[in-house]
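**Student:**
Number of protein chains: 2
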Amino acid sequence: MHRHEGHDACHAGTGDMLARAEGLCRERGLQFTPLRRDVLEAVAEAGKAQGAYDIAERLSVPGKRVAPVSVYRALDFLMEQGLVHRIASRNAFIPCTHGHAPGEGVIFLICRTCGGVDEASSEEVEGSLGRTLERAGFTPTHSILEVEGDCGACRDRKPAP
Amino acid sequence: MHRHEGHDACHAGTGDMLARAEGLCRERGLQFTPLRRDVLEAVAEAGKAQGAYDIAERLSVPGKRVAPVSVYRALDFLMEQGLVHRIASRNAFIPCTHGHAPGEGVIFLICRTCGGVDEASSEEVEGSLGRTLERAGFTPTHSILEVEGDCGACRDRKPAP
DNA sequence: GGCGGCGGTGATACACTGTAACAAACCCGC
DNA sequence: GCGGGTTTGTTACAGTGTATCACCGCCGCC
Ligand SMILES: [Zn+2]
Ligand SMILES: [Zn+2]
Ligand SMILES: [Zn+2]
Ligand SMILES: [Zn+2]
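The listed protein sequences correspond, in order, to chains A and B. Residues 1 to 161 in the working numbering are what the first sequence spells out, letter by letter. Residues 162 to 322 in the working numbering are what the second sequence spells out, letter by letter.
Take a look at the structure:
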């Protein structure tokens, strides 16, 4: 869940996220390498959607540069495992904090003020979208639904004029 | 030129589209310049979503090159006037063949086989999405909904089993 | 031990997408 | 014709993503 109370709250789930990722990779017989771990950690700690180049810069230290291409490869892996999502409207990436049923759609709620991205899902939206597509004679394989606006915390913080 | 080659989803036809655009610009006191006209025509004739650089190349002839930056400016104008849409998941542009009520959402149906993009809208999807957002305490300003899959024509043409 | 395949990483180069900045051309009313 | 806004040309650059090859570490096999 996306929280705005402060950094501690935002970062609280990072450890859990890493532990979950490690377990999931072991379970699937895949390698949770240091680079993949670092990329996931960087995405999880950021509190907002991160570009691949942002991650590369964040992970680079004097004497040890992480090239964007390596970040892209790690992100591809993490996306295949469902640990990270790509936000098409921002060319940026977020950690998955939701845990999805197979085939379930996701709605990304992107706050234009704080930049945070929350995930939601809705059987109702799924159903009505499915009916609309069927009516149009269209067979879907994949869909993206991204909403921009103001999250509750930011709306409360700046009450209407 | 080539207007009746395929079964293409030129619902309205390129000519109608250009006439509509010209009338709309006159009505709003805006300039429907040759470049803007050419860009809209290129997008409308393509039959599938076009990248800005594709359009630039299509409009360029020996001795008269159209720079991508000019295409981007024309596309910005056409998008402001609601004559063209941008497909975020493809970094590409399509002509608007739908005609939208103000504030109405759009669903883009992107065929992975023929590359064509159709538009749909649904009060039902709008409503259920609005309720889901309200439940999440999120105030939307703009949303994108893009579905990838197979259009009816392509599904019929390749009967699977 | 040596050896070869395999997946992951490093490194460079490149393609694609989009924007900033400034100059020149154009249009339109005065 | 003149002045001011708009449109376009041109160049340069920033941002995003991919291709390619080489190297390394690991594991199974001879
Ligand atoms: Zn998720
Ligand atoms: Zn916010
Ligand atoms: Zn439209
Ligand atoms: Zn199709």
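C-beta atoms are modelled at their ideal positions from N, C-alpha and C, and glycine is treated no differently.
Are the stretch 223-240 of chain B and the stretch 288-296 of chain B touching by the rule of at least three beta carbon pairs closer than 8 Å?
**Tutor:** With the cut-off at 8 Å, the stretch 223-240 of chain B and the stretch 288-296 of chain B do not touch.
**Student:** May I ask you to list the residues that DSSP assigns as paired with H85 of chain A?
**Tutor:** Taking the first residue of the first sequence as position 1, residue 85 of chain A is located at position 85. According to DSSP, H85 of chain A bridges with A:I94.
**Student:** Kindly give me the distance between the Cβ atoms of A203 of chain B and R189 of chain B, rounded to whole angstroms, as I take these residues to be in contact under 8 Å.
**Tutor:** As a first step, residue 203 of chain B is located in the second sequence; it is residue number 42 there, counting from the start. As a first step, residue 189 of chain B is located in the second sequence; it is residue number 28 there, counting from the start. Incorrect: roughly 22 Å between the Cβ atoms, too far for contact.
**Student:** With a Cβ-Cβ cutoff of 9 Å, do R273 of chain B and G212 of chain B count as a contact?
**Tutor:** Translated into positions along the second sequence, residue 273 of chain B becomes position 112. Translated into positions along the second sequence, residue 212 of chain B becomes position 51. Not in contact: R273 of chain B and G212 of chain B (Cβ atoms no closer than 9 Å).
**Student:** The alpha helix (DSSP H) spanning V230 of chain B covers which residue range?
**Tutor:** Start at 1 with the first residue of the second sequence, and residue 230 of chain B comes out as number 69. Counting along the chain, the alpha helix (DSSP H) containing V230 of chain B begins and ends at P229 to E241.
**Student:** Note down, in chain order, each residue of its chain lying with its Cβ closer than 6 Å to the Cβ of T25 of chain A, except the 5 sequence neighbours on either side.
**Tutor:** Sequence index remark: in the first sequence, residue 25 of chain A carries index 25 (1-based). In the sequence on display, residue 25 of chain A carries Cys and not Thr. F32.
**Student:** Taking C-beta pairs closer than 9 Å, name the residues in chain B that F138 of chain A reaches, listed in chain order.
**Tutor:** Locating residue 138 of chain A in the first sequence gives position 138, where the first residue counts as 1. Here the neighbours are L270, C272, D279, A281, V308, G310, D311, C312, G313 and R316.
**Student:** Should D279 of chain B be labelled buried (16 or more other beta-carbon atoms within 10 Å of its own) or exposed?
**Tutor:** Counting from 1 along the second sequence, the entry for residue 279 of chain B is found at position 118. Label assigned to D279 of chain B: buried.
**Student:** Quick one: what does DSSP say C312 of chain B is sitting in, helix, strand or coil?
**Tutor:** By one-based count along the second sequence, residue 312 of chain B stands at place 151. Reduced to three states, the DSSP call for C312 of chain B is coil.
**Student:** Output the distance between the C-alpha atoms of T258 of chain B and V71 of chain A, rounded to the nearest integer angstrom.
**Tutor:** Counting from 1 along the second sequence, the entry for residue 258 of chain B is found at position 97. Counting from 1 along the first sequence, the entry for residue 71 of chain A is found at position 71. C-alpha separation (whole angstroms): 39 Å.
**Student:** Could you check whether the Cβ of A153 of chain A sits closer than 8 Å to any heavy atom belonging to ligand 2?
**Tutor:** For the purposes of this step, residue 153 of chain A is taken as residue 153 along the first sequence, with counting starting at 1. Result yes, Cβ under 8 Å from ligand 2.
**Student:** Which same chain residues, not among the five before or five after H261 of chain B, have their C-beta less than 8 Å away from its C-beta?
**Tutor:** In the second sequence, residue 261 of chain B corresponds to position 100, counting from 1. Contacts found: G243, V267 and S282.
**Student:** T97 of chain A versus chain B: which residues are under 8 Å apart at the beta carbon?
**Tutor:** Your numbering for residue 97 of chain A matches position 97 in the first sequence. Within 8 Å Cβ-Cβ: nothing; T97 of chain A doesn't reach chain B, min ~13 Å.
**Student:** Restricting to Cα atoms, I'd like to know which of B:P256, B:V230, B:V222 and B:F299 is closest to A182 of chain B.
**Tutor:** Counting from 1 along the second sequence, the entry for residue 182 of chain B is found at position 21. The shortest Cα separation from A182 of chain B among B:P256, B:V230, B:V222 and B:F299 belongs to B:P256.
**Student:** Any idea what DSSP makes of V200 of chain B, helix, strand or coil?
**Tutor:** Here residue 200 of chain B is taken as the residue at index 39 of the second sequence, counted from 1. V200 of chain B: helix per DSSP, three-state reduction.
**Student:** Would you say the beta carbon of G115 of chain A is closer than 8 Å to some non-hydrogen atom of ligand 2?
**Tutor:** Stepping through the first sequence from its first residue, residue 115 of chain A is reached at position 115. Yes, the Cβ of G115 of chain A comes within 8 Å of a heavy atom of ligand 2.
**Student:** Is there a Cβ of chain B sitting closer than 9 Å to that of V39 of chain A, yes or no?
**Tutor:** Translated into the one-based positions of the first sequence, residue 39 of chain A becomes position 39. No - not a single Cβ of chain B is within 9 Å of the one on V39 of chain A.
**Student:** Can you tell me which residues form a DSSP beta bridge with I271 of chain B?
**Tutor:** The sequence position of residue 271 of chain B within the second sequence is 110, counting from 1. According to DSSP, I271 of chain B bridges with B:V278 and B:E309.
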